[in-house]
Every structure is written in structure tokens, then in C-alpha cells.
Amino acid sequence: MSLYENKEPRMPLERVAIPENKHFKLRNKYHPLLNNHNPKGNLLSAIFGYVSLFGTTLLVLALTYQGLPALLEVLGAAKNSFWYNLVYGLLGPVLMFLFVAVVALINILMLRKYLAKVQNRYGPLHHGPAGVLQTVFDALKLVSKEDFSPGMVEETIFTLAPVIVFVSAFIMIAVMPFAPGWVFSNVDSGALFIIAAGTLGGYGVLLAGWSMNNKYGLMGGLRAAAQLVSYEVPLSIALLSVVVYNGSMNLTDIVQAQSTVWNVFPLFIPFVIYLIAGLAEIKMTPFDLPEAESELVAGFNTEYGGMRFGFFFVAEFAELYLLPAILAIFFLGGWHAPSIPIPYIGELVIHTTAPNPANASSILGLLQTMFAPGGIGQNLQYAFWSLLKAAAGVYFYMWIRATLPRFRDDQLMELCWKGLIPLSMIGLLLAAVSRLYPAVGQILSYVTAIPLLLFIVSRAFGLKLPSPKKELA
Amino acid sequence: MTAVLNPTALETVEGRTDEMLINLGPQHPATHGVLKVVLGVDGERVTRAIPHIGFLHRNHEKLEEVRTYSMCIPYTDRMDYVSGMQNELPLCLAVEDMLGIEVPERSKYIRTILFELSRIASHLVWIGTYMLDLGAITPFLYAFRDRELILDIIEKTAGARLLPNYFTFGGVRRDHHPAMLEDILEFLKFFETKLPEYEALTIDAPVFQARTVGVGVLDPQVALNHGVTGPNLRGSGIPWDLRKDEPYDAYPFVDFEVCVELGCDAYSRSRARFREFYESIKIIRQAIAQYPKVGPTLPKLPRLKPVAGVERYRAVEISRGQLGVYLISDGTEKPFRAKHRSPSFCTLQALQDMFVGSKFSDAIAILGSIDIVLGEVDR
């Protein structure tokens with residue numbers, strides 16, 4: 001541009017070579033990059049987090065599914081008798097609530113630490129060693145706050161909404177198997193139940209947004225309703241593909257069918273669709289429009305405070321955990337270990353000592369019964385794999401949350417109706433083909449899956465593909 | 001353009017099924033301070049937008065008129081508090097012109113270097129807050145991590161981080177920290193490795209492009225009519241940059257490009273700002289290479305009492321556009337009239353043209369893309 005031709009410098013230039021100072025460091029006392037990032041505290045909190053996460057949840061699961069029934073049988077209530085069903089039906093959910101609470105509390109802590117690590121921060125640091133008690137204090141603070149509702153709200157619905165949201169997330173556990181036999185109700189329509197329970201949560205959010213008489217809340221509620229209703233469709237079709245492929249709606253059967261090959265390989269398209277639609281279902285970035293804090297202040301939970309908000313919060317993190325858990329059941333082989341043969345530790349106990357009926361009452365005998373195939377020891381190992389897969393899913397979702405901005409509402413709908421739903425139909429078709437002709441179906445699945453994966457990664461994360469990039473400006 | 005309607009009364013607009021008025025601000029996470037925009041929304045579509053300003057009015061102009069010239073400088077810091085150091089310059093230039101003070105070469109270079117460093121810091125704040133508006137939380141923390149290093153450099157030299165009060169009539173208040181130039185070079189080396197990271201998270205990210213391309217189109221003629229300047233104007237394709245057009249300090253001696261983008265939308269404005277990072281780095285490196293090692297930083301100053309009737313308007317290109325000061329002297333040591341021409345105030349006038357017809361989510365994306373600072377809008 002002729003307007004900006006370089007002007008000749010007016011003064012004689014004397015270039016000064018500035019010596020390189022090797023010893024100079026950007027001095028910032030609190031800079032996490034340049035400072036030692038408190039590695040001891042991080043390690044401590046990580047060890048505490050993972051050990052307590054897996055230890056406590058395994059303990060609760062074992063108590064629920066083996067301890068309580070065994071106790072009831074010792075007390076004289078035969079399995080499936082009236083008293084057994086009554087006591088187990090009342091106490092089991094309480095234990096499961098404990099499970100969800102523990103999972104939510106420890107997950108929130110670990111995810112805050114993880115997010116902090118991604119973002120060059122410390123994360124929770126002050127309550128307990130390396131901040132491990134942060135979420136406990138958060139929960140105590142929420143519980144101890146006043147149970148308050150603003151004057152202009154529709155009181156009944158306003159109170160009911162968080163309960164609906166929480167319950168809809170919580171009841172999914174009823175049909176979820178963590179290990180062989182470790183399931184509350186081994187119903188034959190488990191997949192249908194999961195879809196129905198997930199849909200119920202949308203009502204809670206919509207009612208919350210409507211009842212609070214707040215414009216931002218209303219917009220959040222409507223956005224949530226539109227989003228959840230739309231994304232139910234591909235989500236359900238993805239689960240339906242698994243049902244078609246495995247020929248059962250019973251979740252235990254679905255997991256059993258994956259003992260050799262996990263469903264993710266023959267059913268890759270439904271797997272990816274479930275991953276994406278699941279993000280929308282738990283209202284997380286890039287689909288967090290209903291509670292977009294920079295647009296709608298807090299969306300559907302603007303007017304909630306104290307434990308009323310706490311219910312939304314716990315439900316959000318419970319869903320964040322349960323969705324990957326369902327993903328693991330349907331696609332990642334549930335409780336089955338990865339195909340790398342990992343020896344069952346219990347066999348060591350069984351094989352080193354010959355079973356002896358005389359030993360039945362001794363500690364050795366107890367160990368032998370515990371670690372026998374089908375006993376509590378093996379079930380614990382199975383449950384560990386279920387929990388690990390769910391935890392991996394949670395971290396995957398959190399990684400996306402740390403990276404991506406959010407979509408606009410019309411783009412969200414476009415992705416669902418023009419992208420995911422037609423794709424999920426193809427996935428369903430391929431699942432049916434795989435069911436009839438396994439070899440053809442698998443080849444078709446791989447052929448479609450690889451371009452799909454490349455496309456998704458390139459669209460979401462801007463991976464440079466070989467094709468020339470379109471110039472935008 | 002929609003006619004200005006009474007923002008307090010809900011009127012039926014022809015052809016609209018139902019219009020809801022929403023107060024976007026003054027307490028809203030996305031308004032970058034205390035801006036209030038009354039939005040009429042029909043579903044998710046914005047039908048009208050009326051910005052209400054003045055919540056942060058602190059009467060700077062009148063305060064400056066009852067104070068001596070040198071007492072005015074700290075007030076200018078507090079206008080655009082995100083790039084405080086840049087705000088001092090137009091006042092200094094205007095008074096220097098009125099009194100005929102010759103600025104030493106060394107001070108010119110110090111000013112230029114710190115001016116561009118402040119621009120990097122300010123644009124970093126923009127990246128962070130804009131990505132927060134769009135829903136990504138991580139770039140905010142990255143940006144503030146790097147901005148912290150710039151503030152450290154400024155603190156070591158000027159003594160304060162945000163409101164340094166460092167530039168003065170005839171140069172800079174005191175000599176810089178002996179290691180300042182090395183610190184800056186070290187920072188630039190660090191920052192250049194981080195720039196591709198920012199680009200991958202923002203302007204190269206597909207979701208970011210989906211949210212910004214074609215959003216908030218600011219017609220070049222409309223922009224000129226409203227007096228929009230800075231990256232917002234350059235994002236609309238008009239190559240107007242006071243560093244080139246009315247060069248001051250050491251800008252005539254350095255070589256850089258005016259970052260013009262032709263898209264006129266939020267994405268172009270973002271790209272214009274991103275390219276300015278590279279230009280600022282280029283300017284700083286050149287200025288450091290040309291920097292005269294010896295020499296005074298302040299000349300012998302005359303009495304700060306311009307002749308009666310002298311008036312002067314000087315403007316500089318700060319991070320947000322053209323910041324000008326208009327001073328009239330009445331022969332005393334206090335200005336008879338001090339008027340600030342602030343870029344964000346003018347940019348905000350074009351808000352309605354960009355808002356109307358867009359989606360509610362787009363409104364937030366537009367408001368973030370024009371990078372306003374309310375301290376400077378309201379003064």
C-alpha cells in the first residue's frame with residue numbers, strides 16, 4: 001500500500017547488541033510454570049483421590065451386592081422372601097446413594113485438580129492435606145445454608161424440579177451391572193429403562209427454568225428442553241444398535257456378550273454418537289447452552305441456592321459419572337478386562353493351597369471361598385474394571401470441557417438433526433448387517449469408522465488434514 | 001437500523017409474535033464491567049439493543065480541569081485500566097506540543113517499547129475474556145499467566161502494575177530498570193512459543209470459527225460514521241492506524257505492518273488483534289535494537305504553564321483504537337478544558353447495528369469481539 005511506504009529513519013541508527021543473560025529467569029514468585037508446582041502435594045492428593053475413589057466405591061458396591069444379602073441370609077431371611085425383599089429394598093438404595101455421593105464428591109475433587117493442572121493452576125489446596133477435603137467442606141457449606149426460595153417463584157414446582165433432576169440421574173443405577181450378579185434388578189428391559197430415566201431429567205430442567213419466573217432461567221429451561229429432546233434421539237438409536245447387535249435389552253446379557261470382542265469395534269459409529277450425544281445429555285461444553293454462564297448468568301439454576309442448587313450440582317456430577325458408566329456397559333465390555341490377559345489374583349490363593357474341607361472354618365478356607373471364581377474377590381476385580389472405564393470416560397469429557405468453546409443453539413440443532421441422526425441410522429443399519437453377517441458388518445464398520453473419526457477430530461480440534469485449508473478472511 | 005424505542009415500556013412491534021425485554025447487565029458476567037444493554041429478544045433472536053452507559057462515570061474531565069497538568073496524568077491511567085500506561089501518552093504529547101518540549105531519543109524509545117508491551121498485555125486480556133464469553137475457560141488462565149509476566153516487567157520499571165503513572169511531560173518519570181530490556185527480550189522469546197498455542201485454541205479452532213465467522217458484521221461505512229477506530233475498524237477493512245498515519249515517539253523509525261482484515265465480522269476483528277501480537281513483537285525488537293544506550297530521559301522542563309489561548313489535540317493508537325486528548329490553556333497551570341476522545345465509547349455506538357437480527361448467543365460474541373473497557377467508555 002503506497003500510503004504506508006517505509007519512511008527513512010531520521011536519526012543515525014546505532015545497533016546495540018544486548019548481551020544474552022543466561023542467568024535471567026522471568027521472576028514471578030507465584031508462576032506455576034516457573035515455580036515448583038508443589039509436586040508432593042499433587043502426588044499426595046492424586047494418590048488419596050484414586051485410592052479413595054476406587055477403594056470406597058468398591059467397598060460400597062461389595063457391601064450393597066454381597067454384604068447386605070449375606071447378612072440378611074445369616075439373619076434368617078431366605079432370598080426373595082418378603083422380609084428379605086423389604087429390608088434389601090429399603091437399605092440397598094441408601095447404600096447406592098452413598099455410592100453416588102462418594103463418587104460425586106471424589107470425582108469433583110479429582111476433576112478440579114485435573115482442570116487446574118490443565119489450566120496452570122493449583123486447584124483446591126487448603127482444606128486437608130493438599131486440599132483433599134475441599135469437596136467435603138463444599139458439601140457441608142451447601143447443606144448448612146438456608147433453604148431459601150425467592151418470592152416470585154411457583155413454589156411447588158420450584159421445589160420439585162431439582163428432585164426430579166436428581167432422581168432421574170440416580171435411578172439409572174438400579175439396572176446397571178457392575179460385576180456378574182452385582183445389579184439391583186436384572187430386568188429384561190434395562191436399555192429401555194436407561195433411556196426413559198435419562199429423558200425424565202429434561203422435565204426437571206424445563207420445570208426449573210419455567211417455575212423460577214426469571215427471564216434467563218426461562219431461556220435456559222427452553223434451551224435445555226430443545227437440546228435434551230433432540231439429543232435423546234441419536235442417543236437412543238445408538239443404544240438401540242447395541243440392542244440389535246447383541247440381541248438383548250438386558251444389560252447383564254449385553255456385557256456377557258462382549259466377553260471376547262467389545263462392542264466398540266463392530267459398532268464404532270454408535271459409540272462415537274453416544275460419546276457426542278452424551279456430552280449434550282449431561283449439558284457439558286461444547287453443549288452447555290442451558291447453563292451458559294456468560295450468556296444466561298446460570299441458566300435454569302439461576303435462582304437456586306443452598307442444597308436446592310446442591311441437588312442440581314450433585315445430579316450433574318452423578319450424570320457425568322453414570323453416562324460413561326453406561327458407555328462402558330454398552331460399548332467397552334462392562335466388567336471385562338481388556339483383552340490383554342491379566343491373571344486373576346485370586347487364583348494364586350487357590351492354587352498355592354490345596355482346598356481342604358477341614359480348613360473350611362479357618363481363615364485360609366474363608367480366603368479360598370472368597371477368591372473362588374464367582375466369589376466376592378473376583379467380583380471386586382470385575383467391578384474395578386467397570387469403575388476404571390467409567391472414570392476414564394469422565395476424564396475424557398473433562399478434557400473436552402477444558403478445551404472447547406460452546407456452540408450456538410442453531411449449530412447445536414444442526415449437528416444433531418443433520419449430522420448425528422442420519423449417522424446413527426447408518427450405524428443402526430450396520431449393526432443389523434453385523435448381526436446377520438458378522439464378517440461383512442465388521443469390515444463395513446472399520447471402513448466407515450476411520451474416515452468418521454478423522455472427520456470428527458478435524459472438525460472439533462482443528463487437526464490439519466492433508467487437504468488445503470480454506471482461507472477465511 | 002431500528003428506530004430507538006422506549007426501552008422501559010414493552011411495546012408491540014409489528015410482525016413480532018412476542019418480544020421479551022432482557023437487561024443484559026449491569027451485573028452480568030459477559031458485559032466486561034458495568035455496561036447495561038436492554039435487549040429485546042424474540043425467542044433467541046435480538047430485535048433491538050439499547051446500550052445504557054454511565055455506571056462507571058467518575059468525572060475525569062472536570063477533575064482534570066481543576067488540577068495542574070502534572071496532576072492530570074494519574075487520572076488518565078484510570079480510564080482504560082487494562083492498558084493503563086498507554087493512556088498517559090496523549091496527554092504528555094499534547095502538553096509537550098503546547099510548551100514546545102523536545103523529548104530525548106532515549107525516552108521516545110522507552111515509551112514506544114512499553115506502549116507496545118501494554119498492547120500485548122491488553123490483547124491478552126481480550127483473548128481471555130472473549131474465550132470466556134464463548135464458553136472456553138482455559139485460554140483465560142493461559143492469557144493471564146503471560147500477562148502477569150508483562151506486569152512484572154512494568155512493575156520493576158514503573159513501580160506499579162496496572163496504573164503506573166510513568167510517562168511524563170518530556171519523557172519518562174525516571175530511568176528504567178537496568179535489566180528491563182533483557183527482561184523484555186526474555187519475555188518475547190517465551191511469548192513467541194506460546195502464540196501458536198493461543199492460535200490453536202482460538203482463531204484456528206473450528207468451534208471458534210463457527211461462532212465468529214459472519215457474526216456481528218460491521219459495515220465499513222457504518223464504522224466510519226460512528227467513529228470506530230482501532231482493531232475494530234481495521235477488522236472492517238479500513239487501514240487506519242495512527243502509528244503510521246500520525247506517527248509519534250519512535251514509531252517513524254520502526255518498520256511494521258497495519259493489520260487489516262476484510263471480513264468485517266467478529267472473526268476478522270479477532271484476527272486483526274492476533275496479527276497485532278506479531279507486529280508488536282516486531283516493533284519491540286526493532287526498538288530494542290535501535291535503542292540509544294546513553295543519554296538523558298528528561299530534558300530541562302519549562303514551567304508547566306502554557307500561554308493563554310493555546311489549544312492542542314493529540315491522539316495515539318492504544319489497544320482499542322484512537323485515544324485523543326484536547327486541551328485548552330487559559331494561561332494558568334491548570335487546563336481550561338480537557339476533553340478525552342475514547343475509542344470504546346465510539347465503538348459502543350455501533351453496537352445496535354451489529355446486534356439487531358443476531359442470535360442472543362451472538363450478541364455475547366459480538367460484545368466480546370469489540371473489546372470495550374467500561375472505565376474508558378464512561379470516564
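Top line first, the protein sequences correspond to chains R and S. Sequential numbering from 1 applies to the first sequence in the working numbering. Sequential numbering from 1 applies to the second sequence in the working numbering. Idealized CB from N, CA, C, for every residue including glycine.
* Residues near S:Leu195 in its chain [Cβ-Cβ closer than 7 Å; skip 5 each side] -> For the purposes of this step, residue 195 of chain S is identified with residue 195 of the second sequence, where counting begins at 1. Closer than 7 Å at Cβ, skipping near neighbours: Phe277.
* **Residues that S:Leu39 bridges to, as DSSP identifies them** => For the purposes of this step, residue 39 of chain S is taken as the residue at position 39 of the second sequence. Bridge pairing for S:Leu39: S:Ile22 and S:Ala49 [DSSP].
* To do: Might you give, ordered along the chain, the residues of its own chain that have their beta carbon closer than 6 Å to the beta carbon of R:Glu232, omitting 5 neighbours on each side?
  => Within the first sequence, the letter at position 232 stands for residue 232 of chain R. Its chain contains Thr199 as the residues whose beta carbon lies nearer than 6 Å to that of R:Glu232, once the 5 sequence neighbours on both sides are disregarded; these appear in chain order.
* Asked: the stretch 383-415 of chain R: which residues have C-beta closer than 9 Å to a C-beta of chain S, in chain order?
  -> Here the close residues are Arg401, Ala402, Thr403, Leu404, Pro405, Arg406, Phe407, Arg408, Asp409, Asp410 and Gln411.
* Asked: Nearest to R:Tyr274 by CA position, among R:Ala104, R:Arg308, R:Ser144 and R:Pro234, is which residue?
  -> As a working mapping, residue 274 of chain R is identified with position 274 in the first sequence. Out of R:Ala104, R:Arg308, R:Ser144 and R:Pro234, R:Pro234 has the C-alpha closest to the C-alpha of R:Tyr274.
* **Residue-chain proximity (S:Lys300, chain R), Cβ-Cβ < 7 Å** => In the second sequence, counting from the first residue as 1, residue 300 of chain S sits at position 300. Under the Cβ distance rule, S:Lys300 does not count among the residues neighbouring chain R, no pair being separated by less than 7 Å.
* What are the boundary residues of the beta strand (DSSP E) that includes S:Ile318? -> Against the second sequence, residue 318 of chain S aligns to sequence position 318. Going by DSSP, S:Ile318 is part of the beta strand (DSSP E) stretching over Glu311 to Ile318.
* Can you list, in chain order, the residues of its chain whose CB lies under 6 Å from that of S:Tyr291, leaving out five sequence neighbours each side? -> What you label residue 291 of chain S is simply residue 291 of the second sequence in a count that begins at 1. Closer than 6 Å at Cβ, skipping near neighbours: Tyr109.
* **Cα-Cα separation, S:Glu182 to S:Ile283** => The count along the second sequence starts at 1 and reaches residue 182 of chain S at position 182. The count along the second sequence starts at 1 and reaches residue 283 of chain S at position 283. Spanning the alpha carbons of S:Glu182 and S:Ile283 requires a straight line of approximately 15 Å.
* Please say whether S:Pro296 and S:Pro104 have beta carbons closer to each other than 7 Å? => On the second sequence, residue 104 of chain S is found 104 positions in, with the first residue counted as 1. On the second sequence, residue 296 of chain S is found 296 positions in, with the first residue counted as 1. At the C-beta level, S:Pro104 and S:Pro296 come within 7 Å of one another.
* Asked: Can you give the Cα-Cα distance for S:Ala30 and R:Ala298, rounded to whole angstroms?
  -> As a working note, residue 30 of chain S is residue 30 in the second sequence. As a working note, residue 298 of chain R is residue 298 in the first sequence. Straight-line Cα distance between these residues: approximately 12 Å.
* To do: Identify, in the order they occur along the chain, each residue of the same chain with its Cβ nearer than 7 Å to the Cβ of R:Tyr395, setting aside the five sequence neighbours on each side.
  => By one-based count along the first sequence, residue 395 of chain R stands at place 395. So the qualifying residues of the chain are Tyr114.
* Could you name the residues of the same chain whose beta carbon sits closer than 7 Å to that of S:Leu242, not counting the 5 residues immediately before and after it, in chain order? => The residue labelled residue 242 of chain S in the question sits at position 242 within the second sequence. Once the five neighbours on either side are set aside, the close Cβ partners of S:Leu242 are Ala315, Val316, Glu317 and Gln322.
* Asked: Is it right to say S:Gln286 is buried, meaning 16 or more other beta carbons lie within 10 angstroms of its own, or is it exposed?
  -> Taking the first residue of the second sequence as 1, we reach residue 286 of chain S at position 286. By the neighbour-count rule (16 or more Cβ atoms within 10 Å), S:Gln286 is buried.
* Since S:Ala338 sits in a beta bridge, which residues does DSSP pair it with? -> If you number the second sequence from 1, residue 338 of chain S lands on position 338. DSSP, once it has assigned bridges, lists S:Leu327 as partnering S:Ala338.
* alpha helix (DSSP H) segment containing R:Asn107, residue limits -> As a position in the first sequence, residue 107 of chain R is number 107, starting the count at 1. Counting along the chain, R:Asn107 sits inside the alpha helix (DSSP H) bounded by residues Phe82 to Val118.
* To do: Look at R:Ala169 and R:Glu319 and say whether their C-beta atoms are less than 7 Å apart.
  => Here residue 169 of chain R corresponds to residue number 169 of the first sequence, with the count starting at 1. Here residue 319 of chain R corresponds to residue number 319 of the first sequence, with the count starting at 1. It is a contact, given that the beta carbons lie within the stated cut-off.
* Asked: Is S:Val356 helix, strand or coil by DSSP?
  -> Within the second sequence, numbered from 1, the residue matching residue 356 of chain S stands at position 356. Under the three-state reduction of DSSP output, S:Val356 falls in the coil class, being neither helix nor strand.
* Closer than 7 Å to chain R by CB, S:Ala266 -> Taking the second sequence and counting its residues from 1, one reaches residue 266 of chain S at position 266. So, not an interface residue.
* To do: Give a yes or no on whether the minimum CB-CB distance between S:Leu304 and chain R is below 7 Å.
  => Within the second sequence, the letter at position 304 stands for residue 304 of chain S. Against chain R, the CB of S:Leu304 has no partner CB under 7 Å away; the residue lies outside that interface.
* So S:Val260 packs on S:Gly237, CB below 8 Å; how close in whole Å? -> Position 260 of the second sequence, counted from the start, is the residue given in the question as residue 260 of chain S. Position 237 of the second sequence, counted from the start, is the residue given in the question as residue 237 of chain S. The Cβ separation is near 6 Å, so the contact holds.
* In chain order, which alpha helix (DSSP H) runs of at least 4 residues are fully inside the stretch 167-206 of chain S? -> Positions of the alpha helix (DSSP H) runs, each at least 4 residues long and wholly inside the stretch 167-206 of chain S, are given as 180-201 in order along the chain.
* Asked: Which residues, in order along the stretch 28-43 of chain S, keep a beta-carbon less than 9 Å from a beta-carbon of chain R?
  -> Considering only beta carbons, the part of the stretch 28-43 of chain S lying closer than 9 Å to chain R consists of His28, Pro29, Ala30, Val41 and Gly43, in chain order.
* Inter-residue Cα distance where the pair is R:Gly92 and R:Leu192 -> For this step, residue 92 of chain R is matched to residue 92 along the first sequence. For this step, residue 192 of chain R is matched to residue 192 along the first sequence. Rounded to the nearest angstrom, the two C-alpha atoms are 22 Å apart.
* To do: Check the Cβ of S:Gly25 against every Cβ in chain R and list those closer than 8 Å, keeping chain order.
  => As a working note, residue 25 of chain S is residue 25 in the second sequence. The contacting residues do not exist; S:Gly25 stays about 11 Å from chain R at best.
* Residue-chain proximity (R:Asn120, chain S), Cβ-Cβ < 7 Å -> For the purposes of this step, residue 120 of chain R is identified with residue 120 of the first sequence, where counting begins at 1. At least one C-beta of chain S is nearer than 7 Å to the C-beta of R:Asn120.
* If R:Trp182 and R:Tyr84 are in contact, beta carbons under 8 Å, what's the gap, nearest whole angstrom? -> Walking along the first sequence from the start, residue 182 of chain R turns up at place 182. Walking along the first sequence from the start, residue 84 of chain R turns up at place 84. Not a contact, Cβ separation roughly 17 Å.
* Take the Cβ of R:Leu453 as the centre, count every other Cβ of all protein chains shown within 10 Å, and call the residue buried at 16 or more, exposed below. => Looking up residue 453 of chain R in the first sequence gives position 453. Its Cβ having fewer than 16 others within 10 Å, R:Leu453 is exposed.
* Residue environment, S:Thr193, which counts as buried when at least 16 other CB atoms sit within 10 Å -> Here residue 193 of chain S corresponds to residue number 193 of the second sequence, with the count starting at 1. Within a 10 Å sphere around the beta-carbon of S:Thr193 sit fewer than 16 other beta-carbons, which makes this residue exposed.
* Taking R:Ser185 as the reference, which of R:Pro162, R:Leu444 and R:Leu251 has the closest Cα? -> Position 185 of the first sequence holds residue 185 of chain R. Comparing alpha carbon positions, the residue from R:Pro162, R:Leu444 and R:Leu251 closest to R:Ser185 is R:Leu251.
* Asked: According to the Cβ coordinates, are S:Leu63 and S:Gly40 closer than 7 Å?
  -> Here residue 63 of chain S refers to the residue found at position 63 when the second sequence is read from its first residue. Here residue 40 of chain S refers to the residue found at position 40 when the second sequence is read from its first residue. Against a cut-off of 7 Å, the Cβ pair of S:Gly40 and S:Leu63 comes out as no contact.
* **Euclidean distance between Cα positions of S:Pro7 and S:Gly375** => As a first step, residue 7 of chain S is located in the second sequence; it is residue number 7 there, counting from the start. As a first step, residue 375 of chain S is located in the second sequence; it is residue number 375 there, counting from the start. Below a pLDDT of 50, predicted positions are generally treated as unreliable, and S:Pro7, at 48, falls in that range; no measurement from the model is reported.
* Asked: Any Cβ of chain S within less than 7 Å of the Cβ of R:Pro286?
  -> For the purposes of this step, residue 286 of chain R is taken as residue 286 along the first sequence, with counting starting at 1. Yes - at least one Cβ of chain S is within 7 Å of the one on R:Pro286.
* Per-residue burial, S:Val125 [other beta carbons within 10 Å of its own, 16 or more giving buried] -> Here the question's residue 125 of chain S lines up with position 125 in the second sequence. The Cβ neighbour count for S:Val125, taken over all protein chains shown within 10 Å, is at least 16; the residue is labelled buried.
* Asked: Is any beta-carbon of chain R found at less than 7 Å from that of S:Lys359?
  -> As a working note, residue 359 of chain S is residue 359 in the second sequence. Under the Cβ distance rule, S:Lys359 counts among the residues neighbouring chain R, one pair being separated by less than 7 Å.
* **Contact list for R:Lys215 against chain S, beta-carbon separation under 7 Å** => Taking the first residue of the first sequence as position 1, residue 215 of chain R is located at position 215. Simply Met20 and Ile22.
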